[in-house]
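According to the numbering used here, the sequence shown holds residues 13 to 467 in order. For each residue, glycine too, the CB sits at the ideal point set by N, CA and C. Some notes on the structure that comes next.
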Amino acid sequence: MTMWHPSLDREGPRYLAIADAIERDVRLGSLASGARLPTHRELADTLGVTVGTVTRGYGEAARRGLLRGETGRGTYVGGEPGQPFLCHREDELPGVVDLSMTLPLETLSPNLAVTLRDVAADPDCQRLLEYYPSCGRRADRQAGADWLRRYGLDVGVETVSVTVGGQNALAVVLSAMFRPGDVLAVEGITYPLVKTLARRFHLRLVPVEQDRLGMLPEALDEACRAQPVRGVYLMPGCQNPTAARMPEYRRHELAGVARRRDMTIIEDDAYGLVAGPGPAPLAALAPERTFFIASLSKAVAGGLRVAYLASPEPQVRGVERAISDMVWMTPPLMAEVARRWIDDGTADRTLAAKRAEAARRCSMTRDMLSGLDISLQNTGYFAWLRLPEPWTSGDFTRVAGESGVLVTPDEAFVVGRGSLPHAVRLSVSGAADADRLRHALGVIREIIHEQRSVK
């Protein structure tokens with residue numbers, strides 16, 4: 013439960029002041045989507061108001077779409093855990109630097125206008141308005157196979173499907189390979205969308221112990237002894253949010269556990285290319301059971317909602333059916349833009365530029381937060397900051413938000429009811445430019461070193 017202590021600055025009815033405080037703190041990021049609020053009695057005691065006043069305040073906030081209640085569990089901030097409740101940009105929040113979202117350095121994205129002019133000049137461009145096979149046109153799938161070679165994967169074009177981004181690819185695999193009630197093993201601190209999709213598909217998540225290199229193979233094996241685990245979700249290229257990159261020996265060990273236990277592996281490599289060359293992916297070590305997701309959104313452009321999904325050959329038809337059931341197909345125009353950028357080298361040049369900028373930002377982050385317990389890659393989009401005493405992630409997120417810096421608290425990533433690690437994710441790619449990042453890091457350093465009191 014979030015330790016939320018709002019200040020009620022609004023004149024007038026106290027219940028409206030409570031609702032306004034919720035709205036303000038959601039907007040600032042002090043209250044993350046999915047965070048559990050204090051009980052009515054606890055907040056009433058904290059604020060010195062009646063339980064009825066808190067009930068009316070929560071009710072008003074729910075009416076505004078800010079809160080949701082779960083019978084027997086409490087009151088939660090609306091939206092999916094770990095996802096931004098309000099989509100905002102820095103120009104909409106003057107004086108605020110948003111390090112809560114892993115934006116892919118959008119000022120370095122390719123020139124779309126040039127590509128669209130080229131597409132429009134193609135005599136066959138009208139065909140992009142037609143229906144195509146759910147897995148994509150062959151030319152698009154070939155571009156996907158070519159792109160996957162950047163990860164060290166050599167796969168046949170017939171095993172590649174074009175999806176509407178990495179989130180869609182993950183949903184497709186869960187739909188194709190899992191049934192309600194199945195168990196999916198995940199790291200105890202993991203990508204929040206996995207929690208969202210598990211609820212949607214009625215899957216049971218089992219958190220598995222991890223260290224600074226990722227999931228522990230022996231812990232995964234132990235989880236399999238305790239219950240029938242159907243599959244495992246991993247991000248070995250660069251784990252979100254901890255920025256861990258899994259070494260080669262650990263990947264071999266996990267692939268071995270998956271084989272012995274006959275598990276499906278979902279390998280999500282959203283950030284691996286940005287982090288730079290790494291060991292062979294799990295899909296190369298256990299291709300018969302691994303679904304590999306390679307999204308272009310982080311490497312090339314956030315709005316380019318295209319990802320390539322490499323599947324074990326016997327499962328391709330099931331994947332095709334799942335894509336058809338969800339979206340029928342990836343919009344051909346979007347897939348065409350992706351294909352052209354891969355074929356003409358635009359995607360590689362963009363990736364190189366973004367890696368160079370990410371390297372500068374990561375170096376700045378290391379320098380400015382030296383002496384703190386922080387994990388990040390040399391070229392990455394985010395860092396995992398483990399907070400010193402006496403900070404909790406909730407208190408730190410609130411104080412940082414009040415100081416104009418938005419971060420994401422650990423509770424957005426924790427699976428189940430495990431203890432919180434008292435950490436926050438800092439998206440170094442989220443700031444509009446290096447100067448704003450430098451300012452935000454200075455604020456964070458000052459907050460920690462001065463140990464600003466929590467209200």
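Report, in whole angstroms, the separation of the C-beta atoms of Ser146 and Met341, which I expect to be a contact under 8 Å.
Their Cβ separation, rounded to whole angstroms, is 5 Å, which keeps Ser146 and Met341 in contact under 8 Å.
Classify Pro421 as helix, strand or coil using the three-state DSSP reduction.
Strand at Pro421.
Which residue or residues does DSSP assign as beta-bridge partners of Ser307?
Looking at the DSSP output, Ser307 shares a beta bridge with Ala319.
Extent of the continuous alpha helix (DSSP H) to which Asp134 belongs
Here Asp134 belongs to no alpha helix (DSSP H), and DSSP marks it neither H nor E.
How would you label Met15, buried or exposed, when you count the other beta carbons within 10 angstroms and need 16 or more for buried?
By the Cβ neighbour-count rule, Met15 is exposed, with fewer than 16 other Cβ atoms within 10 Å of its own.
Where does Val440 sit, in a helix, a strand or coil, going by DSSP?
Of the three classes helix, strand and coil, the one that applies to Val440 here is coil, per DSSP.
Near Ala296, what residues of its chain come up, given a Cβ to Cβ distance below 7 Å and the 5 sequence neighbours on each side ignored?
Answer for Ala296: Gly164, Leu165, listed in chain order.
Is DSSP giving Gln463 helix, strand or coil here?
In the structure shown, Gln463 falls within a coil segment according to DSSP collapsed to helix, strand and coil.
Taking DSSP as the reference, what is the three-state secondary structure of Leu49?
Coil at Leu49, not helix or strand.
Per DSSP, what kind of secondary structure is Glu104 in: helix, strand or coil?
Note that Glu104 scores 48 on pLDDT, short of 50, meaning its location in the model is unreliable; the coordinates nonetheless yield the value given after this. In this structure, Glu104 counts as helix in the three-state DSSP scheme.
Rounding to the nearest angstrom, what Cα-Cα distance links Ala231 and Val331 in this structure?
If you take the alpha carbons of Ala231 and Val331, they lie about 30 Å apart.
Given Pro192, which residues of its chain have a CB within under 8 Å of its CB, disregarding the five upstream and five downstream residues?
Closer than 8 Å at Cβ, skipping near neighbours: Phe213, His214, Leu215.
Buried versus exposed, by CB contacts within 10 Å (16 or more), Thr62
Thr62 should be labelled exposed.
Count the other CB atoms within 10 Å of the CB of Ser45; is the residue buried (16 or more) or exposed (fewer)?
Per the 10 Å Cβ criterion, buried.
Return helix, strand or coil for Ala157, following the three-state DSSP convention.
Ala157 falls in the helix class under three-state DSSP.
Just reading off the alpha helix (DSSP H) that Ser187 is part of, what are its end residues?
Element bounds for Ser187: 177-189.
Under the assumption that Ser405 contacts Ala452 (Cβ atoms under 8 Å), give the Cβ distance between them as a whole number of angstroms.
Ser405 to Ala452, Cβ: 17 Å. No contact.
His496 classed as buried or exposed, judged by whether at least 16 other C-beta atoms fall within 10 angstroms:
Any question about residue 496 goes unanswered here, given that the chain covers just 13 to 467.
Here's the rule I'm using: 16 or more other beta-carbon atoms within 10 Å means buried, otherwise exposed. How should Gln463 be labelled?
Gln463 counts as exposed, since fewer than 16 other beta carbons sit within 10 angstroms of its beta carbon.
Leu225 and Gln259 - do their beta-carbons sit closer together than 8 Å?
Gln is not the amino acid found at residue 259; the sequence shown has Pro there. Taking C-beta atoms as the reference points, Pro259 and Leu225 count as a pair closer than 8 Å.
Determine contact between the region 233-243 and the region 359-379, defined as no fewer than three beta-carbon pairs at a distance below 8 Å.
With a cut-off of 8 Å on Cβ pairs, the region 233-243 is not in contact with the region 359-379, counting fewer than three such pairs.
Under three-state DSSP, which class holds Phe97?
For Phe97, the predicted model reports a pLDDT of 46, less than 50, meaning its position is unreliable; a value from the coordinates is still stated below. It is coil, neither helix nor strand.
Among Pro299, Arg429, Val417, whose alpha-carbon lies nearest the alpha-carbon of Val167?
For Val167, the closest alpha carbon among the candidates Pro299, Arg429, Val417 is that of Pro299.
My output table needs one value for Leu196: the three-state DSSP class, helix, strand or coil.
Of the three classes helix, strand and coil, the one that applies to Leu196 here is strand, per DSSP.
So Leu115 is in the beta strand (DSSP E); what residue range does that whole segment cover?
First-last for Leu115: undefined, no H or E at that position.
Since Tyr320 and Leu160 are thought to touch, with beta carbons under 8 Å apart, how far apart are those beta carbons, to the nearest angstrom?
About 6 Å; that satisfies the 8 Å criterion.
Per-residue burial, Asp281 [other beta carbons within 10 Å of its own, 16 or more giving buried]
Note on Asp281: 16 or more other CB atoms within 10 angstroms of its CB, so buried under the neighbour-count rule.
Considering only DSSP beta bridges, list what Ile335 is partnered with.
Beta-bridge pairing links Ile335 to no other residue.
Quick check: what's the CA-CA separation for Asp134 versus Thr127?
Looking at the two C-alpha atoms, the distance is approximately 11 Å.
How is Gly416 classed by DSSP in three states: helix, strand or coil?
Assignment of Gly416 by DSSP, reduced to helix, strand and coil, places it in the coil class.
Nearest-angstrom Cα distance between Thr391 and Arg257?
Taking the Cα positions, Thr391 is about 12 Å away from Arg257.
Ala359 to Lys366, Cα distance in whole Å?
One C-alpha to the other measures close to 11 Å.
For Gly383 and Phe304, I'd like the C-alpha separation in whole angstroms.
Their backbone Cα atoms lie some 36 Å apart in a straight line.
From Glu35 to Ile386, what distance separates their C-alpha atoms?
If you take the alpha carbons of Glu35 and Ile386, they lie about 31 Å apart.
Suppose you measure from the CA of Leu182 to the CA of Ile278; what does that come to, to the nearest Å?
Going from the Cα of Leu182 to the Cα of Ile278 covers about 8 Å.
Alpha carbon of Arg26 to alpha carbon of Gly71, nearest angstrom
Between the alpha carbons of Arg26 and Gly71 lies a gap of roughly 13 Å.
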